[in-house]
Amino acid sequence: MSNYRGVHDIGGVPAGEVVPSEHDYALWEKRVDAMMVLLSKKGLMTVDELRRNIESLGADAYDEMSYYERWVYAIAQTLIQRGVISIDELGRRISAVQARSDDGT
Amino acid sequence: MTVRQAYPIGHVRTPYYIRGKSGVIERFCGTYANPEELAYARPGLPKQPLYRVRFRQADIWRDYRGQDGDTVDLEIYQHWLESA
Amino acid sequence: MTERHQHEQGVPHRHPLRPDQDDTLTYWRAMEIALRELLIEKRLTSADEVRREVEAMDNRSPVDGARVVARAWTDPQYQQLLLMDANAACEALGLERGLYKLIVVENTDQVHNVVVCTLCSCYPRFLLGLPPDWYKSRNYRSRMVNSPREVLREFGTVVPDDVVVRVHDSNADMRYLVLPRRPAGTDDWSEEQLAELVTRDAMIGVTFAAEP
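Chains as they are written, first to last, in this note's numbering: chain H, 1 to 105; chain L, 1 to 84; chain E, 1 to 212.
Right under this line is the structure:
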């Protein structure tokens, strides 16, 4: 039985050559970032809660989700944990957003 | 100073690779709310002293391929440090 | 949407195309919209606040960090302040003070500094803007800490054997900026001219300042 090591805790783990990738951040990514900054300024969540929830992702999800996908997931988790939003209203609102998009509006 | 060799679950800012390793304090950074508590929406008080500790690469990695003088600096909270 | 191209600050030829997800409503994008709407309805934020935060983000770039470095190169007293109290030094130039304590580490003929965050992606955003993808990548985070000379070479940076490589794992409450060495042959250069040589990557420590 080996010691617990978080999926994010990767210093020194064998890995490949650094691919010098970059992209211009999309608006939705910046909005996720902005949401985190605002929630943190307002005392509605801490960066450590964000990190804790990201670190709780399974290894596959941690690797496969994009950076801001992990963030939006962790923000939602934290807001549910803190009782700021409920699972029910989040689920309903996501469905409503998707339905609006299907309507082409 | 030596970083405690401990492996709890939860949100910890002491990287796995540095646990159990010894280095020297480079500077005192001030006191900060404990991230291990902040991560669970608790206040993280009392604040923890935070130090920058300098480690010799050759002391961390058995097969380090750089030069003897190469180092890595990390920030370690006091509750993770013990006298070497 | 206006996007700032940072070729002049970063390294050219490193710009893989990615589909702009703004056009596709993925599940996670729908969640971002849902969360934003719910927070606005609960009056915990407003559309205007979010917009202003995004604008502030767009306005931060390595140009700010480069101003700090160029001033330090030309003003020894300022350099001393920068190394002692970097947040105050930023404020002195009319820049944001930053929410995190900033530590500036100086490259010399004996030491080369480089910054990584092995646990996540901590980065001096108030001086450099948002980090490049590679800084957040598994390969960089894993290997910079135990194979720094190899990784630096992948960036085309060869640190001589008699120069110490000092890695800074930005793992907790500090943020780091590298003060690169001033390139030779720039003695009569103005601060503004010098700032042009200070690239983002040099301030992370994966490259040297550009040669004149």
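Note that CB positions come from ideal geometry on N, CA and C, so glycine has one too.
Among the residues facing chain H, residue 128 of chain E is not included, as its CB has no counterpart in that chain under 8 Å away. In the structure shown, the three-state DSSP call for residue 49 of chain L is strand. Residues are counted here when their Cβ sits less than 7 Å from a Cβ of chain L; for the stretch 109 to 122 of chain E these are 118 and 119, given in chain order. A Cβ-Cβ separation of about 29 Å leaves residue 31 of chain E out of contact with residue 15 of chain H under the 8 Å criterion. Closest option to residue 176 of chain E, judged by alpha-carbon separation, among E:93, E:84 and E:156: E:84. If you look at residue 19 of chain H, you'll find it isn't in any alpha helix (DSSP H); DSSP assigns it neither H nor E.
A residue is called buried when at least 16 other Cβ atoms come within 10 angstroms of its Cβ; residue 87 of chain H does not meet this threshold and is exposed.
By DSSP's assignment, residue 101 of chain E forms a beta bridge with E:174. Interface residue (Cβ-Cβ distance to chain H less than 8 Å): residue 58 of chain L is not classified as such. In summary, residue 48 of chain L is buried, with 16 or more beta-carbon neighbours lying within 10 Å of its beta-carbon over all protein chains present. When the alpha-carbon of residue 100 of chain E is set against those of E:194, E:86 and E:109, the nearest one is in E:86. Looking at the backbone, the Cα of residue 174 of chain E and that of residue 99 of chain H are separated by about 44 Å. Taking 7 Å as the Cβ-Cβ cut-off, the stretch 25 to 38 of chain E approaches chain H at 25, 28, 29, 30, 31, 32, 33, 34, 35, 36, 37 and 38, given in chain order.
Across the structure, residue 88 of chain E and residue 92 of chain H are spaced so that their CA atoms are roughly 47 Å apart. Short of 8 Å from the beta carbon of residue 164 of chain E, and not among the five residues preceding or following it, lie these beta carbons of its own chain, in chain order: 110, 111 and 112. Under the three-state reduction of DSSP, residue 196 of chain E is assigned to coil, being neither helix nor strand. Using a Cβ-Cβ cut-off of 8 Å, residue 24 of chain L does not count as an interface residue toward chain E, since no Cβ of chain E sits closer than that to its own.
Listed as beta-bridge partners of residue 71 of chain L by DSSP are L:56 and E:166. Its Cα nearest to that of residue 9 of chain L, the residue L:39 stands out among L:26, L:20, L:39 and L:23.
Each residue's CA atom was taken as its position, placing residue 184 of chain E and residue 14 of chain L some 40 Å apart.
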